[in-house]
């Protein structure tokens with residue numbers, strides 16, 4: 004008679020709740036959650052623990068443990084938090100490591116990988132430009148359509164402008180009132196249409212006169228020569244405000260009249276203050292005070 008030694012099987016094998024990996028893959032995630040939840044509840048009751056006791060030991064809230072036992076997938080936390088909770092449940096209930104992983108939702112990277120490998124459900128709202136071939140095709144089609152539309156628009160504008168071009172209209176009243184007997188007379192009648200010819204006919208004096216009128220006659224150069232330390236204060240219409248202590252030397256300012264100048268102590272020589280190279284005289288009865296009047300031009 005042959006005797007065989009039989010070793011006691013593990014409790015999850017005896018209870019019939021352990022499934023092969025191929026069996027787990029053949030069922031849905033909701034069914035897997037219910038099967039694993041009943042296994043968790045049976046193991047907890049076998050160890051004589053209540054939901055509150057288990058929650059206190061592994062520091063996980065009671066609603067999460069209840070959702071695990073009842074297979075309520077919609078009430079479970081996110082994958083990041085759930086992945087850190089399941090190993091604690093496995094260690095506390097002495098379950099095989101990794102047996103509760105089917106409860107975890109599919110990661111985003113794996114779901115994207117599956118959609119890229121297969122055609123999947125493609126909609127214009129799910130286009131990811133430059134990362135999927137569908138997005139690249141749609142992007143290229145949009146760019147080509149935009150270029151063609153812009154080209155056709157420019158061609159239309161060019162045709163419209165070609166038909167709408169008109170010559171410069173002449174002043175009929177001037178032509179009728181001034182009889183023209185020659186080409187020179189016609190050119191003199193429409194002088195505004197030949198500005199380059201008018202520029203060639205201008206004399207050098209006209210150019211200098213135009214430059215002179217563009218310069219402000221109130222602008223000038225103020226020169227100061229110091230033979231001794233002095234206090235200087237200047238105010239001008241151009242917004243210049245100067246107040247300083249100067250030693251021996253020379254100062255030059257470009258200012259706009261009118262200008263009020265005060266020097267303390269007063270200079271001894273008349274050549275010490277000049278406006279555009281012309282010596283200035285002190286204001287009568289005011290020692291050390293000079294004034295440049297505004298030009299009337």
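In the working numbering, the protein residues as written are 4 to 300. Cβ atoms here follow ideal geometry from the backbone N, Cα and C, with glycine treated the same way.
Secondary structure of residue i, DSSP reduced to three states
| i | result |
| --- | --- |
| residue 63 | coil |
| residue 285 | strand |
| residue 219 | coil |
| residue 275 | helix |
| residue 146 | helix |
| residue 159 | helix |
| residue 109 | coil |
| residue 46 | helix |
| residue 235 | strand |
| residue 138 | helix |
| residue 202 | helix |
| residue 37 | helix |
| residue 58 | helix |
| residue 260 | coil |
| residue 290 | coil |
Close beta carbons around residue i, own chain, < 6 Å, minus the five adjacent residues each side
| i | result |
| --- | --- |
| residue 240 | 259, 261 |
| residue 236 | 246, 265 |
| residue 88 | 63 |
| residue 257 | 224 |
| residue 283 | 276, 293 |
| residue 4 | With a pLDDT of only 42 at residue 4, under 50, the local geometry of the prediction cannot be trusted, and the value read off the model is given with reservation. Cβ within range, chain order: n/a, list empty. |
| residue 243 | 258 |
Close beta carbons around residue i, own chain, < 7 Å, minus the five adjacent residues each side
| i | result |
| --- | --- |
| residue 7 | The predicted position of residue 7 is uncertain, since its pLDDT is 43 and thus under 50; a value taken from the coordinates is nonetheless stated next. So the list is empty, once near-sequence residues are dropped. |
| residue 57 | 47, 68, 95 |
| residue 278 | 223, 225, 295 |
| residue 143 | none |
| residue 65 | 54, 55, 58 |
Same chain only: Cβ atoms within 8 Å of residue i, ignoring 5 sequence neighbours per side
| i | result |
| --- | --- |
| residue 255 | 224, 225, 226, 227 |
| residue 152 | none |
| residue 232 | 248, 249, 250, 251 |
| residue 290 | 269 |
| residue 286 | 292, 293, 294 |
| residue 271 | 230 |
| residue 44 | 72 |
Candidates the options: closest to residue i by CA position
| i | options | result |
| --- | --- | --- |
| residue 54 | 37, 77, 82, 72 | 72 |
| residue 105 | 151, 40, 155, 134 | 40 |
| residue 46 | 230, 146, 99, 137 | 99 |
| residue 32 | 80, 84, 75 | 75 |
| residue 38 | 70, 252, 109, 58 | 70 |
| residue 267 | 66, 86, 249 | 249 |
| residue 79 | 296, 63, 205 | 63 |
| residue 238 | 230, 263, 220 | 263 |
| residue 77 | 203, 36, 229 | 36 |
| residue 61 | 91, 50, 200, 201 | 91 |
| residue 219 | 51, 298, 293 | 298 |
| residue 229 | 51, 145, 144, 253 | 253 |
| residue 34 | 205, 150, 280, 103 | 103 |
Beta carbon proximity, residue i to chain C, threshold 8 Å
| i | result |
| --- | --- |
| residue 270 | The structure shown has no chain C; it contains just one protein chain. |
(request) Entirely within the region 60-105 and at least 4 residues each: give me those alpha helix (DSSP H) ranges in chain order. (result) Correct list: 65-73, 82-95.
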